[in-house]
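Before any comments, here is the structure.
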Amino acid sequence: MKRFGRKQLFMLVAVLLLGACGSGDKTTDNETTETQEKTIVRLSQVRARPVNQTEEFTATVEAEVKNNIAPTSPVRIEKILVEVGDAVKKGQKLVQMDQANQLQSLVQLKNIRTEYNRIDELYKVGGVSKSEWESIKVSLDVAETAYKNLEENTFLISPINGIVTARNYDGEDIYNGSTPVLTVEQITPVKLMINVSERYFSQVQKGMPATITMDVYPGEEFAGKVNLIYPTIDAGTRTFPVEIQLANADRRVRPGMFSRVTISFGITERVVVPDQAIVKQVGSGERFVYVYKDGKVFYNKVELGRRMGEEYELISGVENGAQVVIAGQSRLFDGAEVVVE
Numbered sequence: 000m001k002r003f004g005r006k007q008l009f010m011l012v013a014v015l016l017l018g019a020c021g022s023g024d025k026t027t028d029n030e031t032t033e034t035q036e037k038t039i040v041r042l043s044q045v046r047a048r049p050v051n052q053t054e055e056f057t058a059t060v061e062a063e064v065k066n067n068i069a070p071t072s073p074v075r076i077e078k079i080l081v082e083v084g085d086a087v088k089k090g091q092k093l094v095q096m097d098q099a100n101q102l103q104s105l106v107q108l109k110n111i112r113t114e115y116n117r118i119d120e121l122y123k124v125g126g127v128s129k130s131e132w133e134s135i136k137v138s139l140d141v142a143e144t145a146y147k148n149l150e151e152n153t154f155l156i157s158p159i160n161g162i163v164t165a166r167n168y169d170g171e172d173i174y175n176g177s178t179p180v181l182t183v184e185q186i187t188p189v190k191l192m193i194n195v196s197e198r199y200f201s202q203v204q205k206g207m208p209a210t211i212t213m214d215v216y217p218g219e220e221f222a223g224k225v226n227l228i229y230p231t232i233d234a235g236t237r238t239f240p241v242e243i244q245l246a247n248a249d250r251r252v253r254p255g256m257f258s259r260v261t262i263s264f265g266i267t268e269r270v271v272v273p274d275q276a277i278v279k280q281v282g283s284g285e286r287f288v289y290v291y292k293d294g295k296v297f298y299n300k301v302e303l304g305r306r307m308g309e310e311y312e313l314i315s316g317v318e319n320g321a322q323v324v325i326a327g328q329s330r331l332f333d334g335a336e337v338v339v340e
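Numbering-wise (numbering that gives the first Met the number 0), the sequence shown opens with residue 0 and increments by one.
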């Protein structure tokens, strides 16, 4: 009996120990499963800091003034005096048209002027009536106007200092009125048109500086300034046009060149987040971040400002000091419980 009692006692202890071990493993497994159901995320705390409000715009260089040179009526082109690329001055003769009509008009003008002088002398001594004098005076005025018009259309003059950028005819061609004979453009200065977001409307001032770069001159910057601010906002794009002027004294910049215009609108305190925190909403252009609080994450729609290396400036959406998710977003949803790595 004594041996049997010891054996029973030994078996009882063994059973109790096994039961205790089994119970402990079950609790651990439940805890592990519960943890695995929560998404593991990595966080970053964001802060507000001074951010230079610099914006870059793309633009195409345009001439300050563009003039199409052409006569007022179809006529034969006698000679073109300049070529594409030539620099011309205001008042310079560019094209000589057929002079036959002008010469004929000049003969008529001389005859009428001679007749007017004769009648004018007679009128002064009472030899002709006032109505006869007035009639010849009107004829003279008409002839002089006609000759002046023909003179202006016989020699086509440049109205500006500029560069000849197009030539559409050759000597002996008949001008048909469909295209100008020449195009002259003023390129000192040149202008660039940009569309600026409406949030900067109150900050853009005439004369404020702009930095201009061009692919054709890599690594080089040109100084420009705001020359004209359009007074209305486009309802579709929420932008307004601004004209940037570039002096271009050396004429290196030419119309048609692609350019980038950078303007600084001052410094503003903005929350800055890592680019890893930004998530694009599927099916739309909206951006959002997940903000962590008390073991959960919450969906916050954000408005992005400038990208600065590996960070984004936020216009709105996240408070200063918040903790945002920077890894693990693919399995998250609004209000999800998470485990912080």
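Glycine is no exception: its CB is placed at the ideal position from the N, C-alpha and C atoms. All of these numbers come straight from a predicted model, not from anything done at the bench.
In the DSSP assignment, find the unbroken beta strand (DSSP E) run with residue i in it and report its ends.
i: A58; result: 46-68
i: E318; result: Unbroken run through E318: none, as it is neither H nor E.
i: T182; result: 181-196
i: Q328; result: Element bounds for Q328: n/a, residue is neither H nor E.
i: T164; result: 161-166
i: L93; result: 92-96
i: K78; result: 74-79
Within the continuous alpha helix (DSSP H) that includes residue i, where are the two ends?
i: N110; result: 99-123
i: L303; result: Here L303 belongs to no alpha helix (DSSP H); instead the beta strand (DSSP E) covers 295-307.
i: E150; result: 129-153
What's the C-alpha gap between residue i and residue j?
i: Y168; j: V180; result: 6 Å
i: V279; j: R286; result: For the record, residue 279 in the displayed sequence is Lys; it is not Val. Distance between the alpha carbons of K279 and R286: 5 Å.
i: A58; j: I173; result: 38 Å
i: I283; j: L313; result: Sequence check: residue 283 is Ser here, not Ile. Using only the alpha carbons, I get a separation of about 19 Å.
i: P188; j: S72; result: 32 Å
i: P49; j: V339; result: 29 Å
i: N100; j: L93; result: 19 Å
i: R305; j: T178; result: 45 Å
i: R198; j: R41; result: 34 Å
i: E309; j: G161; result: 46 Å
i: A209; j: V87; result: 29 Å
i: Y122; j: K129; result: 7 Å
i: K300; j: V290; result: 10 Å
i: I159; j: G176; result: 22 Å
i: K25; j: R46; result: Residue placement at K25 is flagged as unreliable, the pLDDT there being 46, under the threshold of 50; the coordinate-derived value follows with that caveat. Near 44 Å, if we compare the C-alpha coordinates of R46 and K25.
i: V81; j: I68; result: 12 Å
i: V83; j: K224; result: 29 Å
i: V288; j: G255; result: 41 Å
i: E171; j: E61; result: 32 Å
Can you find the residues in the same chain that come closer than 8 Å, C-beta to C-beta, to residue i, ignoring five residues on each side of it along the sequence?
i: M96; result: P70, V74, R75, I76, E77, N152, T153, F154, L155, Y174
i: L303; result: I277, R286, Y311, E312, L313, I314
i: E55; result: R259, V260, T261
i: A326; result: V40, R41, Q275, E340
Once the 5 residues before and after residue i are set aside, which same chain residues still bring their CB inside 6 Å of it?
i: Y229; result: F239, P240
i: K65; result: E184
i: V337; result: K37, T38, V40, V296
Taking 7 Å as the cut-off, is the beta-carbon of residue i closer than that to any non-hydrogen atom of the ligand FMN?
i: K123; result: Looking at this structure, you won't find the ligand FMN or any other ligand, since it has none at all.
With a CB to CB cut of under 7 Å and the five nearest residues on each side skipped, what residues in its chain are close to residue i?
i: S138; result: I111
i: T236; result: N194
Name the DSSP beta bridge partners of residue i, please?
i: T346; result: The shown model of the chain, from 0 to 340, leaves out residue 346, and the question about it has no answer.
i: E310; result: P273, M307
i: V87; result: G161
Start-end ranges of the beta strand (DSSP E) lying completely within the stretch 204-290, minimum 3 residues
Counting whole runs of 3 or more residues, the stretch 204-290 contains the beta strand (DSSP E) stretches 208-213, 216-228, 238-245, 257-273.
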